[in-house]
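Since the structure comes first, as structure tokens, the remarks are kept for the end.
2 protein chains.
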Amino acid sequence: MDRLGALGDPTRRAIFERLVTRPMAVGELAGELPVSRPAVSQHLKVLKEVGLVVDRADGTRRLYRVDPRGVQALRAYLDELWDRALAAFAQAVERAEEEGKQS
Amino acid sequence: MDRLGALGDPTRRAIFERLVTRPMAVGELAGELPVSRPAVSQHLKVLKEVGLVVDRADGTRRLYRVDPRGVQALRAYLDELWDRALAAFAQAVERAEEEGKQS
DNA sequence: AGTCTACGTAAGTTGTAGCTTACCGTTCGT
DNA sequence: ACGAACGGTAAGCTACAACTTACGTAGACT
């Protein structure tokens, strides 16, 4: 799965948004969400695989936090889409003006 | 479904990325993708509902193009996440320095 | 060593997202 | 008016994603 697909799931996005505010443990996240702790673990695994979060041990707990590089990568992707859309639009306008001359 | 969820599906993202380059008709899109034309129609319906694309009639065809406002909204969402992540990080650093004084 | 806490993983269930085929409406051309 | 092109929608199927419970494992504390 890729980054956008990972954030496509509502529960996973809820987890991710909470981690944006501050690092959290798995059980802590599960306590604030309407799903079980293992479900949170599975979602965190996906988020970790796509590079959106990182984890570190803290005693028996495991603290997760967002990986800024993941957010940055998403922003870069959308920026590229944005640029391409603008370029296509400009080209369309230019072409329309060309046809305007001919008619 | 929301915007991020809509772009979470690979097929839907493939459709969207092609529309970023230039406006296209439904059958034209289906011809370039490994799914049937009705499937493309259904995906376009979703993309339209979340405001990522707009359509206009062109004879018997129907041309779809991206709605720049949708891309902009996604960018704004990620920018907000980005800012919150940075703020949280700065606060964490500040707190760490506070504790450094005490010890 | 024993126990408790916190977490990951395996196994199994279920809703649903995505796909297909079939059908119908609309628009253009002849 | 008739046929063809194009596309939306309904109905049904299926694979899978998300969830649960149950179990195993690692660390901290006494």
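As given, the protein sequences belong to chains L and G, one line each in that order. Counting from 0, one number per residue, gives the positions in the first sequence under numbering that gives the first Met the number 0. Counting from 0, one number per residue, gives the positions in the second sequence under numbering that gives the first Met the number 0. Where is the CB? At the ideal position from N, CA and C, for every residue including glycine. The model shown is predicted, which means the values in this text are computed figures rather than measured ones.
Simplified DSSP state of residue i, which is helix, strand or coil
| i | result |
| --- | --- |
| L/R21 | coil |
| L/E93 | helix |
| L/V45 | helix |
| G/V52 | strand |
| G/V34 | coil |
| G/D57 | strand |
Distance, residue j Cα to residue i Cα
| i | j | result |
| --- | --- | --- |
| L/D82 | G/A87 | 30 Å |
| G/S102 | G/Q90 | Only weak support is given to the placement of G/S102: the predicted model assigns it a pLDDT of 41, under 50, and the value that follows is read from those uncertain coordinates. Near 19 Å, if we compare the C-alpha coordinates of G/Q90 and G/S102. |
| L/R12 | G/L80 | 11 Å |
| L/P33 | G/D1 | 20 Å |
| G/G50 | G/R68 | 8 Å |
| G/L46 | L/A84 | 16 Å |
| L/V53 | L/K44 | 10 Å |
Member of the options whose CA lies at the smallest distance from the CA of residue i
| i | options | result |
| --- | --- | --- |
| G/V65 | G/A56, G/D57, G/V19 | G/V19 |
| L/R94 | G/L28, G/R61, G/R21 | G/R21 |
| L/R31 | L/R17, L/T59, L/D57 | Reading off the sequence, residue 31 of chain L comes out as Glu, not Arg. L/E31 has its Cα closest to that of L/R17, out of L/R17, L/T59, L/D57. |
| G/F15 | L/Q41, L/L77, L/P37 | L/L77 |
| G/Q41 | G/L73, G/Y63, G/A56 | G/Y63 |
Cβ-heavy atom distance, residue i to the ligand MG, below 7 Å
| i | result |
| --- | --- |
| G/V65 | Annotation note on the ligand MG: not contained in the displayed structure, which lists no ligands. |
Contact set between residue i and chain G, taken where Cβ atoms lie within less than 8 Å
| i | result |
| --- | --- |
| L/T20 | R83, A87 |
Proximal residues of chain G, C-beta to C-beta of residue i below 7 Å
| i | result |
| --- | --- |
| L/L73 | L77 |
Legend entry - Chain-ordered residues of the segment 31-56 of chain G with a beta carbon less than 7 Å from chain L: Listed by position, the residues of the segment 31-56 of chain G near chain L (Cβ gap below 7 Å) amount to none.
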